[in-house]
Amino acid sequence: MSVSQIFLVLAVGLASLAQILLKHGMTRAAQARAGHVWLRPLRQPLVLAGMSTQVVLTCLWLVVLSHIDVSLAFPVLALSYVVVVAYSAVSMDEVVGKRRWCGVALIVLGVGVLAYAA
Amino acid sequence: MLRISRQSWVSIGLLLLSVSLMAAGQLCMRRGMLAFGPIESPQAFFNLVWSGIVAPMSIGFVWLGMIVYSIAIMVWLQVLSRMDLSIAFPMMSLSYVLVYLGAALWPALDEAITVGRLAGTGLIMCGVALVAGSRRS
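Residue numbers (full-length UniProt numbering), protein chains in the order written: chain F, 1 to 118; chain E, 1 to 137.
This is the structure:
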């Protein structure tokens, strides 16, 4: 694996991690009653960590795009939908049925077609 | 038929708002960067940041896009506090559809509509419909 391929895999991981951190942070924010509903999230360390992860991801993504064609990189990034849904099912006790998995598969396929066409 | 509670309608409304704002933010940033020109050196990136500070209106669309995108993120956090992550996150892919449509329809961006892009857009929308219609936990 080349460095840019490793970065691409890392980008999928970071994109997934960001959403997972934000979700956990917002679950806590919903329990904490202090502060205004729109400002409450900014007091949650996990939300701030999720946002920081997104910033790091953006920088990494620019590096990836300078080495790998967007028509390959973009669909690979869409794999983060699979990672996040799998995590939600296993670790957050969300019930993910066949229909939702089929939906995720179609989305990943669609992003692939969109990127290939562009 | 699916029965959708009032609370769910609010969640779905917030999700659509967030995704639309994300797409609008992306399109504005693209519009602004088209006017600025491609960044091909660290020097050009410095110029972008510098003109953004001393003459904000010269890259007004970039600023507008970043403001709209920031609002989208705040709305997204509200979505996450209301919905299952395994439903909300895949539905974020609707923003790809909106960006491709917006880029084709906004004359200043003028990106081509092709059969391939329409097919990809259609697949994503079918996927989103399946995810949205799947049983809640």
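Note that the Cβ used here is the ideal one computed from N, Cα and C, for glycine as well.
Three-state secondary structure assigned by DSSP to F/His24:
helix
Three-state secondary structure (DSSP) of E/Leu109
coil
Chain E within 7 Å of F/Val84, Cβ atoms only:
yes
So is E/Pro42 in contact with chain F if we call contact Cβ pairs under 7 Å?
no
Please compile the residues from chain E whose C-beta is within a distance smaller than 9 Å of the C-beta of F/Cys59.
The contacting residues do not exist; F/Cys59 stays about 12 Å from chain E at best.
Which residues bound the alpha helix (DSSP H) around F/Arg40?
Here F/Arg40 belongs to no alpha helix (DSSP H), and DSSP marks it neither H nor E.
Give the single residue among E/Met33, E/Val10, E/Gln7 and E/Leu130 whose Cα lies nearest to the Cα of E/Met66.
E/Met33
Please return the same chain residues whose Cβ sits closer than 7 Å to the Cβ of F/Val82, not counting the five positions on each side in sequence.
Val104 and Val108
CA-to-CA distance, F/Leu17 to residue 119 of chain F, given in whole angstroms
Residue 119 of chain F cannot be examined here, being either before or after the span of chain F that is shown, 1 to 118.
Which of helix, strand or coil does DSSP assign to E/Ile67?
helix
Are E/Ala35 and E/Gly102 touching if we call contact CB-CB under 7 Å?
no
Quick check on E/Val128: does DSSP put it in helix, strand or coil?
helix
How would you label E/Gln26, buried or exposed, when you count the other beta carbons within 10 angstroms and need 16 or more for buried?
buried
Quick one: is E/Met1 near chain F, going by C-beta distance under 7 Å?
Unreliable placement is indicated for E/Met1, whose pLDDT of 46 sits below 50; the coordinate value is still reported in the next sentence. Output row for E/Met1: interface = no.
Euclidean distance between Cα positions of E/Ser70 and F/Gly35:
20 Å
By the DSSP assignment, the alpha helix (DSSP H) with F/Thr53 in it spans what residues?
Pro45 to Leu65
Could you run through the stretch 32–51 of chain F and flag, in chain order, every residue whose CB is less than 8 Å away from some CB of chain E?
Val37, Trp38, Pro41, Val47 and Met51
Would you kindly work out how many angstroms separate the C-alpha atoms of E/Gly37 and E/Leu48, rounded to a whole number?
10 Å
If contacts are defined as beta-carbon pairs under 8 Å, then E/Ser5 and E/Val75 qualify, I think. What distance do you get, rounded to the angstrom?
No, E/Ser5 and E/Val75 are not in contact; Cβ-Cβ is about 20 Å, not under 8 Å.
Report buried or exposed for F/Arg100, applying the criterion of at least 16 other Cβ atoms within 10 angstroms of its Cβ.
buried
With 16 other Cβ atoms within 10 Å as the buried cut-off, status of E/Ser134:
buried
C-beta contact flag for E/Val97 and E/Thr121 at 7 Å
yes
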